[in-house]
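Report on the structure given below.
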Amino acid sequence: MQAHEAQPPGFAAIDWTKPWLAPFAERGKRWQQAALTSYAALLAEMNADAGDMRQSTGRGQRLAFIAQDDLPPGAAYEAHIASTGCVPTRHNLHDFFNASMWFAFPRIKAALNARQWAAIEVLGVGPTRGGVPDTLTLFDENALLFACADPALSAALRGFDWHTLLVARRDAWGSRCEVRCFGHALMEKLIAPFKACTGHAWIVEVPPVYFEWDAAKRDAWLDEAVAAALLTTDALTSRMFAPLPVLGVPGWWPENDSPAFYDDTSVFRSGRRAR
C-alpha cells in the first residue's frame, strides 16, 4: 500500500449537503479528506475513530479496518469480520459508506454480522446463499430505515399508495415519519442520483415522542430497535421490505415539490396492489 497512490474517482463527488448524506457529514468530511490523500490515510482515520469508539462486531471482537489485500486467501468476508473484528476495506465509495455505517448504526451492523456469521456456520460458504442470508445482504446493501409513528403512513408505504404517503400527507414528514439511509450500495448510487433509484424500506414503528428528540437520540433509538428485530426475527425475508424511490422523499429532491413528479408510473409503480 503506497502512501500517495492514485486516488480512485468518486470521493471528490461526495456532497454532504444532500439530505440523504447530511446526517453522516461530521465524520464523513474527515474521512473524505483522508480518502483524497491516500488509501493509508483513510484506513488510519477509520481506525482512529474505531479506537475512540471501542465498537465491537457481531461476536464481540473489537472493530478495525484493514486493506482488502490483508484478507487471508479463501477467507469469507463476513466470517473474517466476526472472528477477528477486522473489516476488509477497499479504497472506494462502496466500502467507504459501508465503514461509515459501523459508526452511524453500530448495533445494526453488529447484528447483521452476527446473523451472517450464524448462517455461515449452518450453511457454509457457497456460490448461492438464499433465504435469510440474502435478506441480510439486501438490508446491508440497500436498506432505508422508515421511522413512523402513524400506522396509516406505514400502510400507505406497504400498499404503494404514493399519493397518500408523498402528496396528501406530505406535511407528516418530519413530524410523523422520516427516513434514514443505511444501505452502503444505495448511498454509493446516490452520489449520482437518478429518479428510479429505489431503496428497500424497513418500517420501524416509533413512539410519537420520537419526533421531539434530537437526531442523535433518534438514531440511537433506531439502532437499538432495528438491531433487536434483526436478532430476534427468525424468518427474515425480502417481503419484509417496502420499495421506496429515494428521490420521492419530501424535501430530498427539488422536483418533487410538484405533485406531477409522482405521476411517473415507471418509478412510482402500483406494485403488489395490482396482484
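According to the UniProt record's numbering, the stretch in the sequence shown is residues 1 to 275, in order. Here a beta-carbon is modelled for each residue, glycine too, at the ideal position from N, C-alpha and C.
> So, helix, strand or coil for F211, using DSSP?
Replying inline: Reading the sequence shown from its first residue, position 211 is the one you call residue 211. F211 falls in the helix class under three-state DSSP.
> With DSSP run on the structure shown, which of helix, strand or coil describes H80?
Replying inline: Locating residue 80 in the sequence shown gives position 80, counting from the first residue. H80: helix per DSSP, three-state reduction.
>> Please classify R54 as buried or exposed, where buried requires at least 16 neighbouring CB atoms within 10 angstroms.
In response: Looking up residue 54 in the sequence shown gives position 54. Exposed is the call here.
>> Does Y90 come out as helix, strand or coil in the three-state DSSP assignment?
In response: Mapped onto the sequence shown, residue 90 falls at position 90. The question names Tyr, but residue 90 is Arg in the sequence shown. Coil at R90, not helix or strand.
> Would you say G10 and L21 are within 9 angstroms of each other, going by their C-beta atoms?
Replying inline: Residue 10 sits at position 10 when you count from the first residue of the sequence shown. Residue 21 sits at position 21 when you count from the first residue of the sequence shown. Not closer than 9 angstroms, so no.
> Between V167 and the rest of its own chain, which residues show a CB-CB distance below 8 angstroms, the 5 nearest in sequence each way excluded?
Replying inline: Position 167 of the sequence shown, counting from 1, holds the residue named residue 167. Answer for V167: P259, Y262, listed in chain order.
>> Quick check: the Cα distance between A119 and M46, rounded to an integer number of angstroms?
In response: The residue labelled residue 119 in the question sits at position 119 within the sequence shown. The residue labelled residue 46 in the question sits at position 46 within the sequence shown. As the crow flies, the alpha-carbon of A119 is around 28 angstroms from that of M46.
> Between which two residues does the alpha helix (DSSP H) harbouring residue 309 extend?
Replying inline: Shown here, the chain extends from 1 to 275; a query on residue 309 therefore has no answer.
> Can you check whether the CB of L112 is closer than 9 angstroms to the CB of V87?
Replying inline: If you number the sequence shown from 1, residue 87 lands on position 87. If you number the sequence shown from 1, residue 112 lands on position 112. With respect to L112, V87 sits apart: the two C-beta atoms are not nearer than 9 angstroms.
> Are the CB atoms of R169 and R158 nearer to each other than 9 angstroms?
Replying inline: As a working mapping, residue 169 is identified with position 169 in the sequence shown. As a working mapping, residue 158 is identified with position 158 in the sequence shown. Contact: no.
>> Considering only their Cβ atoms, is the gap separating F182 from M240 smaller than 9 angstroms?
In response: Position 240 of the sequence shown, counted from the first residue, corresponds to residue 240. Position 182 of the sequence shown, counted from the first residue, corresponds to residue 182. No; because the gap between Cβ atoms is not below 9 angstroms, this pair is not in contact.
> Mind checking G60: buried by the 16 CB within 10 Å criterion, or exposed?
Replying inline: Taking the first residue of the sequence shown as 1, we reach residue 60 at position 60. With fewer than 16 Cβ atoms within 10 Å of its Cβ, G60 is classed as exposed.
> Can you tell me where the beta strand (DSSP E) with E255 in it begins and where it stops?
Replying inline: Counting from 1 along the sequence shown, the entry for residue 255 is found at position 255. Going by DSSP, E255 is part of no beta strand (DSSP E) at all; its letter is neither H nor E.
>> Rounding to the nearest angstrom, what Cα-Cα distance links K109 and H163 in this structure?
In response: In the sequence shown, counting from the first residue as 1, residue 109 sits at position 109. In the sequence shown, counting from the first residue as 1, residue 163 sits at position 163. Take the alpha-carbon of K109 and the one of H163: they are about 33 angstroms apart.
>> Could you tell me which whole beta strand (DSSP E) segments of length 3 or greater appear in the segment 195–243?
In response: Uninterrupted beta strand (DSSP E) stretches at least 3 residues long and entirely within the segment 195–243 occur at 198–205, given in chain order.
> Just checking, does the segment 183–196 make contact with the segment 224–235 on the three C-beta pairs under 8 angstroms criterion?
Replying inline: The answer is no - the segment 224–235 does not touch the segment 183–196, with fewer than three Cβ pairs under 8 angstroms.
> What residues are listed by DSSP as bridge partners for R176?
Replying inline: Walking along the sequence shown from the start, residue 176 turns up at place 176. Paired residue(s): none; R176 is not in a bridge.
> Closest to F268 by CA distance: which of L144, T198, V206, V209 is it?
Replying inline: Within the sequence shown, the letter at position 268 stands for residue 268. Nearest Cα to F268 within the set L144, T198, V206, V209: T198.
> Which one of A216, E224, A12 has the shortest CA to CA distance from S38?
Replying inline: Translated into positions along the sequence shown, residue 38 becomes position 38. Closest option to S38, Cα to Cα, is A12.
> If H80 sits next to L71, beta carbons under 8 angstroms apart, how far is it from one beta carbon to the other, in whole angstroms?
Replying inline: Within the sequence shown, numbered from 1, the residue matching residue 80 stands at position 80. Within the sequence shown, numbered from 1, the residue matching residue 71 stands at position 71. Approximately 6 angstroms separates the beta-carbon atoms of H80 and L71; this is inside 8 angstroms, confirming the contact.
> Helix or strand or just coil, what does DSSP make of F65?
Replying inline: Taking the sequence shown and counting its residues from 1, one reaches residue 65 at position 65. Here F65 sits in strand by DSSP.
> Near W16, which residues of its chain fall below 7 angstroms by C-beta distance, leaving aside the five closest residues on each side in sequence?
Replying inline: Here residue 16 refers to the residue found at position 16 when the sequence shown is read from its first residue. Here the set comprises A22, A25, G28, K29.
>> So the candidates are H91, D264, Y210; which of them puts its Cα closest to the Cα of L36?
In response: Here residue 36 refers to the residue found at position 36 of the sequence shown. Ranked by Cα distance from L36, the first of H91, D264, Y210 is H91.
>> Going residue by residue through the segment 8–74, where are the continuous alpha helix (DSSP H) segments of at least 4 residues, counting only ones entirely within it?
In response: Runs of the alpha helix (DSSP H) spanning 4 or more residues and lying entirely within the segment 8–74 occur at 25–37, 39–53, in chain order.
>> Quick check on this structure: which residue in L186, S154, A149, D171 has the alpha carbon closest to the alpha carbon of F139?
In response: Taking the sequence shown and counting its residues from 1, one reaches residue 139 at position 139. Checking every option, the nearest Cα to that of F139 belongs to L186.
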